[in-house]
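To keep things clear, I will list the structure first and then write my remarks on it.
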Amino acid sequence: MADERTKEKLALEGGLKAVTSIEGKGRPKIGVEEFMSVAERFGFSEKALAKMRKAAEADDLGEGPFLPNYYSGLKETKVEAYEKIARKVFGSKYAIGVNSGTSALHAAFIAAGVGPGTEVICPAIGFFATSAAVVTSGAVPIFCDVDKSLMIDPAQIEPLITKRTVAIAPTHWQGGICDMGAIMKVARRHKLKVIEDCAQAVGGEFKGRRVGTFGDFGCFSISGYKIVGGGEGGLILTQNKRNWERAQQFIECGGLWRPVRFARPRYKGELFCGTNYRMSELEAAVDVVQLGKMPAVVKRFRTVKHRILKRLRTYGEIEPQVLNDPEGEVGYTLRFYPETIKLGRKIVAALQAENISASMRGDKGRPDWHVYHSMFPVTYKTGPTEDNYPWEDPLYLKRGGSIEYNRGDCPVADDLFDRVISIGLNQWYNAADCRHIAGGINKVLSAYCSEDAEAAPWL
Ligand SMILES: Cc1ncc(COP(=O)(O)O)c(C=O)c1O
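Quick note, in my numbering, the sequence shown goes up one by one and the last residue is 1803.
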């Protein structure tokens, strides 16, 4: 029993409160130092940084920013603004900001029903991240050859379809555009999902419609290595609410995206364990601006490529890359196939001597993650554990699955990937630059090839 003399009346019973005020003066958790760290990363000069610090210190940040995307208390977060502008510039019903292009692909595959015992048809030329995301989704990638556009050959897809196939994942490669009309026809005929990998062709169009809006999902990397992007960012587009919900569930499995976070599943397949691929607010702050610039960036690249292409003469020994939609190309590379690698070497050396940034892979067998036979973790079929999942997954084997990957599986890709000459273009070339570059290409090709008005045209 407490001593009556020391017993004080509880605040609950009308006594004095023990704590009437807090005297310790807090400072924002995130404040001027963090802001200056971002400014420093941008590379501003010491002088500019000092001015910024002075201005920032003079301001009152209150409790400082709360940087997550959810429950921020803001009218619109940067991620929300990024998704909004994505919907607008791509003409898409739904958009989800994620932390990378690989995450976008992983989420799209999972949301599309790619999983154990299934296969996804991937292009022989693309990037390793696409087939890697198939594998991390529990499925097996099957490579499909390309045609002279260097994109997946729609005519080669059908023979690869098995009872295990659930999706096709075309890649719009290096500014080029896949024949989405033909791909969608095959997909519909066989009730397959389509996941477009648009990481290298942001803003590209097929017949006037942005790539990424044809398939069930469009996946983008919005990273610093792309023509639009800050550091590490990604984007998923879809035109279907269920697809949006399932992709959201995967990238944000805490359910913060749901109207009622803890509600029971509204339908079969709504709730499952995903991960956290949420986009960072700081990344979105940069990428919302980058996406806003996308239409102008693409327009400049297209203008440059067209200005050059229309000045090029045709040659018997040169075959230009086939363009599935010359108007819709993003256009940051110009490509053509010399008759032989030997001729290609001469052309590349001569173009470089003219100050034109040309390259050719050649036949030295240098590994490259853009071509199927060099995507080693896939082709060696080595999983992270001894059971070599998914290739030796009992379910996959039970469904009759078995695959070996060898150079020679996709002969058109084997040949063209080594032989193609690529010229990198810059969106800031002016009309005179384009004239000089076109003049240089004509000069070099005229020195080594025979001009032929009947040869394959550039446009
Ligand atoms: C075609 C393609 N798909 C996917 C990715 C992966 O994107 P990220 O690096 O943002 O994960 C890339 C990145 O280079 C890519 O080029």
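For each residue, glycine too, the CB sits at the ideal point set by N, CA and C.
Self-check item: N- and C-terminal bounds of the alpha helix (DSSP H) containing I1595
Solution: 1585 to 1595
Quiz item: Does the distance from the C-beta atom of V1510 to that of E1540 stay below 9 Å?
Solution: no
Quiz item: Short check: CB of F1564 to CB of I1580, under 9 Å?
Solution: yes
Quiz item: Do three or more CB pairs link the stretch 1475 to 1486 to the stretch 1515 to 1531 at distances below 8 Å?
Solution: Counting C-beta pairs closer than 8 Å gives fewer than three between the stretch 1475 to 1486 and the stretch 1515 to 1531, which falls short of the contact rule.
Quiz item: Can you tell which of G1598, I1486, T1647, L1687 has the C-alpha that lies nearest to the C-alpha of T1677?
Solution: Ranked by how close their Cα comes to the Cα of T1677, the residues G1598, I1486, T1647, L1687 have T1647 in first place.
Quiz item: With respect to the beta strand (DSSP E) encompassing K1353, which residues constitute its N-terminal and C-terminal limits?
Solution: First-last for K1353: undefined, no H or E at that position.
Quiz prompt | Close beta carbons around I1662, own chain, < 8 Å, minus the five adjacent residues each side | solution = F1680, Y1681, P1682, E1683, L1789, C1793, A1799, A1800
Quiz prompt | Reduced DSSP category for V1464 - H, G, I as helix; E, B as strand; rest coil | solution = Under the three-state reduction of DSSP output, V1464 falls in the strand class.
Practice problem: Could you tell me whether the stretch 1545 to 1556 touches the stretch 1422 to 1439, where touching means 3 or more Cβ pairs closer than 8 Å? | Solution: Cβ pair count under 8 Å is three or more, so yes.
Self-check item: C-beta contact flag for W1713 and V1484 at 9 Å
Solution: W1713 is not a Cβ neighbour of V1484, given a cutoff of 9 Å.
Practice problem: Kindly examine ligand 1 and report whether one of its heavy atoms sits closer than 8 Å to the Cβ of L1449. | Solution: yes
Quiz item: Among all the DSSP beta bridges, which residues are the ones paired with A1702?
Solution: Its beta-bridge partners are I1767.
Quiz prompt | 6 Å CB neighbourhood of M1396 in its chain, flanking five on each side removed | solution = Excluding residues within five positions, the ones whose Cβ falls inside 6 Å are A1383.
Quiz item: Mapping DSSP to helix, strand and coil, what is G1784?
Solution: helix
Quiz item: Is the closest heavy atom of ligand 1 to the C-beta of Y1621 under 8 Å?
Solution: no
Self-check item: Nearest residue (CA-CA) to R1705, options Y1611, Y1740, D1759
Solution: Looking from the CA of R1705, the closest CA among Y1611, Y1740, D1759 belongs to D1759.
Exercise. Please classify E1614: does DSSP put it in a helix, a strand, or coil?
Key: coil
Quiz item: What are the residues that DSSP puts in a beta bridge with F1564?
Solution: Per DSSP, L1579.
Quiz item: Hey, would you say the C-beta of W1735 is under 8 Å away from at least one heavy atom of ligand 1?
Solution: no
Quiz item: Rounded to a whole number of angstroms, what is the C-alpha to C-alpha distance between V1666 and S1746?
Solution: In a straight line, the C-alpha of V1666 is about 33 Å away from that of S1746.
Exercise. Quick one: using the 10 Å Cβ neighbour count with 16 as the cut-off for buried, is I1765 buried or exposed?
Key: buried
Quiz item: Taking Cβ positions, are P1831 and F1487 nearer each other than 9 Å?
Solution: There is simply no residue 1831 to check, as the chain begins at 1345 and stops at 1803 in what is shown.
Practice problem: From the DSSP output, in three-state form, read off Y1733 for me. | Solution: coil
Quiz item: The alpha helix (DSSP H) with T1723 in it runs from where to where?
Solution: 1720 to 1723
Quiz item: In whole angstroms, what separates the C-alpha of K1654 from that of L1769?
Solution: 15 Å
Quiz item: Within the present structure, is the beta-carbon of K1570 separated from the nearest heavy atom of ligand 1 by less than 8 Å?
Solution: yes
Self-check item: Which of helix, strand or coil DSSP assigns to T1515
Solution: strand
Quiz item: Is E1625 buried or exposed, if buried means 16 or more other CB atoms sit within 10 Å of its CB?
Solution: buried
Quiz item: Would you say I1465 and I1496 are within 9 Å of each other, going by their C-beta atoms?
Solution: yes
Exercise. If I'm right that F1550 touches G1672 with Cβ under 8 Å, what's the distance once you round it to whole angstroms?
Key: 5 Å
Exercise. Would you mind stating whether V1674 and A1513 have Cβ atoms separated by less than 9 Å?
Key: no
Self-check item: ligand 1 heavy atom lying under 8 Å from the CB of G1445
Solution: yes
Quiz prompt | Distance, L1411 Cα to R1385 Cα | solution = 18 Å
Quiz item: In chain order, what residues of the same chain lie with their CB nearer than 7 Å to the CB of V1423, ignoring the 5 residues before and after it?
Solution: N1413, G1441, M1623, E1625, A1628
Practice problem: Whole angstroms is fine: what's the gap from D1737's alpha carbon to V1458's? | Solution: 14 Å
Quiz item: Comparing the CB of E1627 with every heavy atom of ligand 1, is any distance shorter than 8 Å?
Solution: no
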